[in-house]
Amino acid sequence: MGPTTLPALQTNPKFIFFTDFDGTITWQDSNDFLTDNLGYGAAERKKGNADVLSGRRHFRDLFHEMLDSIDTPFDQCIAALLQNIQLDPGFRAFFDWARANNMPIVVLSGGMEPIIRALLAHYLGEAEAATMQIVSNNVAPLPGKSINDKGGWKIVFHDDSGFGHDKSLEIRPYANLPQDQRPVLFYAGDGVSDLSAAKETDLLFAKAGRDLVTYCETEHVPFTTFNDFSDILATVKDIAEGKLSVKDAATGRK
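The sequence shown begins at 37 in this note's numbering and counts up one residue at a time.
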């Protein structure tokens, strides 16, 4: 994959910001919300998450099972999420700064693209949301049905990995660019679907109190924690202005 085929390089940026969506850009995880309220419930989901973190199961298999437990029509799922899922309170200011300072934001999500687009358009506006590249799983109708029928949809995974979407595959071509062409790469995430991306960028922002922090400490991956995107914006601004090095920013658990 050459530099010309990497979408986030089009404006020749000095920085690229890769980010998870659910529980990172949003305050709650939309897939967890659907599973807990319209699927088999929180207890079963949390048990599955523990199995993924301990290596007993692949995230892909758990996620498939979670979504298969939901038979609500897809348009009703989106309507429920628009009413219940909130944007991180600091994300709008971060988004505006990134656009003004030529820092592409690339959303790498283990969720589903139509849900992500609907939520971003709802909170940022259609035109603004369209400026962000989204790499995610998708949705398809089951045979003989529409996605808006009861029990009519299924997830279509982005790739064949155990994650369903191995986020490292999107980041690595940027990380492997020659030094004189390579921007500084950031990543923000919170949970199990971010494990594949955790080691790929120059600075990882891991959400305080979430599974990704534990993983980074166990695997000795440098990181810094954040509570919301106002923390991330302050750090990225300092790095962009030369007040802070990427290495010094990786302070670990605060």
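For glycine and all other residues, C-beta sits at the position ideal for the given N, C-alpha and C.
Exposure label - residue i; buried when at least 16 CB within 10 Å
i, result
"E206", "buried"
"P214", "exposed"
"L178", "exposed"
"K290", "exposed"
"D107", "exposed"
"V192", "exposed"
"A234", "buried"
"R92", "exposed"
"S90", "exposed"
"A154", "buried"
"G38", "Below a pLDDT of 50, predicted positions are generally treated as unreliable, and G38, at 46, falls in that range; the measurement from the model is reported next regardless. It counts as exposed."
Test item: CB-CB of residue i and residue j under 8 Å
i, j, result
"F292", "D132", "As displayed, the chain neither begins before 37 nor continues past 290, which places residue 292 out of reach and without an answer."
"I170", "S204", "no"
"G126", "L269", "yes"
"A176", "K186", "no"
"I183", "F130", "no"
"T55", "Y223", "yes"
"N173", "G200", "yes"
"D202", "S232", "yes"
6 Å CB neighbourhood of residue i in its chain, flanking five on each side removed
i, result
"F51", "M139, P219, V220"
"P258", "A286"
"P43", "Q169"
"T71", "R81, M102"
"A242", "L248, V249, C252, F259, T261"
"Y76", "S105"
"L98", "G84, V88"
Residue nearest to residue i in terms of C-alpha spacing, selected from the options
i, options, result
"K283", "D247, K82, L240", "L240"
"W63", "Y223, F199, R128", "R128"
"V143", "S232, T237, F57", "F57"
"T60", "L156, E236, G75", "L156"
"I121", "F69, D87, Q217", "F69"
"T271", "G91, D202, M148, A134", "A134"
"H194", "G278, R246, E149, L89", "E149"
"D230", "H94, A154, G180", "H94"
"L45", "I141, R153, L74, A244", "I141"
"Y49", "K83, Q217, G227, G288", "Sequence inspection shows Pro at residue 49; the Tyr mentioned does not correspond to that position. With distances taken between Cα atoms, P49 lies closest to Q217."
"Q112", "A79, E162, L74, A86", "L74"
"R96", "A79, A78, G147", "G147"
"D267", "T254, A244, G278, H256", "A244"
Opening and closing residue of the beta strand (DSSP E) in which residue i lies
i, result
"Q119", "No beta strand (DSSP E) holds Q119; the alpha helix (DSSP H) holding it covers 110-120."
"I191", "189-192"
"T261", "260-262"
Neighbourhood of residue i by C-beta, 7 Å cutoff - its chain only, sequence neighbours within 5 removed
i, result
"I151", "S66, I114, L117"
"Y159", "L123"
"A166", "none"
"D274", "L280"
"A276", "F51, N137"
Extent of the continuous alpha helix (DSSP H) run through residue i
i, result
"I61", "No alpha helix (DSSP H) contains I61, which DSSP labels as neither H nor E."
"S204", "204-211"
"N85", "78-89"
"V282", "282-285"
"P150", "149-160"
Proximity test, Cβ basis, 8 Å: residue i and chain C
i, result
"G91", "Here chain C cannot be found, since the structure has a single protein chain."
Cβ neighbours of residue i in the same chain (closer than 8 Å, five flanking residues each side left out)
i, result
"T237", "F54, I207, A211, L221, F222, Y223"
"R246", "G59, D226, G227"
Heavy atom of the ligand FAD within 7 Å of residue i beta-carbon
i, result
"G225", "What this structure holds is no ligand at all, so the ligand FAD is not there to describe."
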